[in-house]
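Engineer: Here it is, the structure in full.
Protein chains in written order, with our numbering: chain X, 2 to 93; chain Z, 266 to 459.
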């Protein structure tokens, strides 16, 4: 019984094309780039040392902005785009 | 309350990164798939247009010199022109695909403005170096903008165009108001403050 369920689950899994994998990797790669940057230049993340910092130094923190862009792309753009890509690949 | 110039550069870098990711995704999946959802078709041209609108306050508040003001206003105009032309094409108000050449014009004008408005040499300080590099990058990348206008669906031109925005974002993120470049910092530039 267990084996049957496993095969059903396997059958439902749609293999992702190279293009779908490329799109799904854009957001995470961008976020990782921001994270690596934060480790390499921690002084550019002023939230780590917020005392005596003005508004702009706390509001605009490049490594965090890069991470945010990656996360927003991965959450808001990539899923729908991958669905549409897979639909298009199935259609034609 | 006015942000330091470097912060403005970083905010625009974030905008260029958004544009770069959207364009890269469009290059990967193709225009037909990208435009399957209407909002996505408007995403990058609309974003470029809004970035052009935000260049106007930059022009008004950052008046270091006349040539800075002229350069900022040129960027605002060509960014709005490029975004507007692409919006017109997506909406169907513009039908001739050669309207895409507006982006090439924007690249060329922006690159020229960057090179012309930077009065110091490459190794004066980091921002001078980056202005020269940004300018020549944009002038060179005009090839991609022209290519995607005349040869539709070319992966080479589309991905080159997208990666140009990513490169511009990286260069803008590197900008500092006063910092050395490869160990060079002119004594005329002043002392690095941070």
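For every residue, glycine included, the Cβ atom is placed at its ideal position computed from N, Cα and C.
For residue 48(X) and residue 59(X), what's the separation of their Cα atoms in angstroms?
Structural biologist: 6 Å
Engineer: Report the neighbours of residue 67(X) on chain Z: residues whose CB is nearer than 8 Å to its CB, in chain order.
Structural biologist: 279, 282, 438
Engineer: Taking only the alpha-carbon atoms, compute the straight-line gap between residue 332(Z) and residue 375(Z) and give it to the nearest angstrom.
Structural biologist: 13 Å
Engineer: Give, in chain order, every residue of the stretch 42–75 of chain X whose Cβ lies closer than 7 Å to some Cβ of chain Z.
Structural biologist: Only those residues of the stretch 42–75 of chain X whose C-beta falls short of 7 Å from the nearest C-beta of chain Z are listed: 57, 61, 63, 66, 67, 70, 74.
Engineer: Roughly how many angstroms lie between the CA atoms of residue 404(Z) and residue 373(Z), to the nearest whole one?
Structural biologist: 5 Å
Engineer: Does the beta carbon of residue 13(X) come closer than 9 Å to any beta carbon on chain Z?
Structural biologist: For residue 13(X), the predicted structure reports a pLDDT of 47, less than 50, and the residue's modelled location is therefore unreliable. A value from the coordinates is still provided. Taking Cβ atoms only, chain Z never reaches closer than 9 Å to residue 13(X), which makes this a no.
Engineer: Count the other CB atoms within 10 Å of the CB of residue 382(Z); is the residue buried (16 or more) or exposed (fewer)?
Structural biologist: Result: buried.
Engineer: So with CB distances below 8 Å, who are the chain Z contacts of residue 17(X)?
Structural biologist: The contacting residues do not exist; residue 17(X) stays about 12 Å from chain Z at best.
Engineer: Could you tell me whether the stretch 280–290 of chain Z touches the stretch 345–352 of chain Z, using the rule of 3 or more Cβ pairs below 8 Å?
Structural biologist: no
Engineer: Look up residue 449(Z) in the DSSP assignment and say whether it is helix, strand or coil.
Structural biologist: strand
Engineer: Does the count of Cβ pairs from the stretch 292–311 of chain Z and the stretch 441–448 of chain Z closer than 8 Å reach three?
Structural biologist: no
Engineer: For a contact meaning CB atoms closer than 9 Å, what does residue 27(X) contact in chain Z?
Structural biologist: 286, 289, 290, 293
Engineer: Is residue 37(X) close to chain Z? Criterion is C-beta to C-beta, closer than 9 Å.
Structural biologist: no
Engineer: When the cut-off is 9 Å and only beta carbons count, does residue 423(Z) lie next to chain X?
Structural biologist: no
Engineer: Looking only at C-alpha atoms, which of 392(Z), 298(Z), 313(Z), 273(Z) sits nearest to residue 93(X)?
Structural biologist: 298(Z)
Engineer: Contact between the stretch 392–407 of chain Z and the stretch 57–71 of chain X is defined here as three or more beta-carbon pairs at a separation below 8 Å; is this criterion met?
Structural biologist: Counting Cβ pairs under 8 Å, fewer than three are found: no touch.
Engineer: To which residues of the same chain is residue 83(X) closer than 7 Å at the C-beta, ignoring the five residues directly before and after it?
Structural biologist: 21, 24, 25
Engineer: Have a look at 300(Z), 271(Z), 367(Z), 436(Z) and flag the residue whose alpha-carbon is nearest the alpha-carbon of residue 401(Z).
Structural biologist: 436(Z)
Engineer: For residue 441(Z), count neighbouring Cβ atoms within 10 angstroms of its own Cβ and tell me buried if that reaches 16, exposed if not.
Structural biologist: buried
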